[in-house]
Amino acid sequence: MANASAAPLLSSIVSTSSSSRSHSLPSAPFEYVPIASNPCKVSVTTATPDSSLRKSPFVRRRDLVAGIALAAALTKEPPSVAAREVEVGSYLPPAPTDPAFVVFKATSKDTPALRAGNVQPYEFLLPPTWKQTRVANVLSGNYCQPKCAEPWVEVKFEDEKQGKVQVVASPLVRLTNKPNATIEDIGSPEKVIASLGPFVTGNTFDSDELLEASIEKSGDQTL
573 MANASAAPLL SSIVSTSSSS RSHSLPSAPF EYVPIASNPC KVSVTTATPD SSLRKSPFVR
633 RRDLVAGIAL AAALTKEPPS VAAREVEVGS YLPPAPTDPA FVVFKATSKD TPALRAGNVQ
693 PYEFLLPPTW KQTRVANVLS GNYCQPKCAE PWVEVKFEDE KQGKVQVVAS PLVRLTNKPN
753 ATIEDIGSPE KVIASLGPFV TGNTFDSDEL LEASIEKSGD QTL
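Here the sequence shown stands for residues 573 to 795, where the numbers follow our numbering.
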């Protein structure tokens, strides 16, 4: 969100991919409000094998990274997700804009950060055959709340053939020491990817793998 301080929550979508799949994941709008002075970043990351992902600003040979933005949050409880090992299409509603997908809307039942009101609810679209999976304790931030110095995973969904999507939160200090920083202050998409890419992909980030990066404006938001 352009020209906003680090206190407001912003949104991001990060996508990675490894093989082809039958569904592409469309992005959905995120709504955030200022809720804390301790800055963190919240992002949605996806690992999907489809080279035709809609509006993917970052394309890599093994991983597709689509969309980076920053958010501010102060978490007070460790995230714990009661994952449902069933297809999301059995309990999530169809997307109004595309009935071929379902809408996941995060609520206070999904993560402690949401229950505490430190992260504004977010939403995104999923193929109906995907399943919500449990987040490993070492990745959940359970050991470092409320002041984690490293990124953590909020929720995670995946399909064995199509890929995975996860919501990632990270302290803003991981990206900059500047107080009240805007997304422009953080730097280019390449800089953000270099900082958070290894956590998202689980591999060492190689700048040569990034084929394309772009910045888009949507109202007062920078994507």
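All C-beta atoms in this analysis are idealised placements derived from N, C-alpha and C, irrespective of residue type, glycine included.
- Collapsing the DSSP output to three states places PHE771 in a helix.
- The three-state reading of DSSP puts ALA721 in coil, since its state is none of H, G, I, E or B.
- Judged by DSSP secondary structure, LEU697 falls within the beta strand (DSSP E) whose first and last residues are 695-698.
- Here GLY791 carries a coil assignment [DSSP, helix/strand/coil].
- Contact annotation: the segment 670-688 touches the segment 719-726, with at least three C-beta pairs closer than 8 Å.
- Around the CB of THR683, 16 or more other CB atoms lie within 10 Å, so the residue is classed as buried.
- Per the coordinates, the alpha-carbon of ALA708 lies some 11 Å from the alpha-carbon of TYR715.
- In this structure, DSSP gives ASP757 a helical state, which the three-state scheme calls helix.
- Your pair VAL660 and LEU698 checks out as a contact, with CB atoms roughly 5 Å apart and the cut at 8 Å.
- Exposure of ASP792 is indicated by the presence of fewer than 16 other C-beta atoms within 10 angstroms of its C-beta.
- Taking C-beta atoms as the reference points, LEU747 and LYS733 fail to come closer than 9 Å.
- By the neighbour-count criterion, in which 16 or more other beta carbons inside 10 Å mark a residue as buried, ASP731 falls on the buried side.
- According to the DSSP assignment, LEU711 belongs to the alpha helix (DSSP H) that extends over 709-712.
- Annotation: PRO718 to PRO743 spans about 11 Å, alpha carbon to alpha carbon.
- At least 9 Å separates the beta-carbon of ALA785 from that of SER767.
- In this structure, PRO666 lies away from VAL658, with their beta-carbon atoms at least 9 Å apart.
- Residue pairing from DSSP places VAL675 in a beta bridge opposite LEU697.
- VAL739 carries a strand assignment under DSSP once its states are collapsed to helix, strand and coil.
- In the DSSP assignment, LYS703 falls within the beta strand (DSSP E) that extends over 703-705.
- Residue range 782-784 is occupied by the beta strand (DSSP E) that includes GLU784.
- LYS733 carries a coil assignment under DSSP once its states are collapsed to helix, strand and coil.
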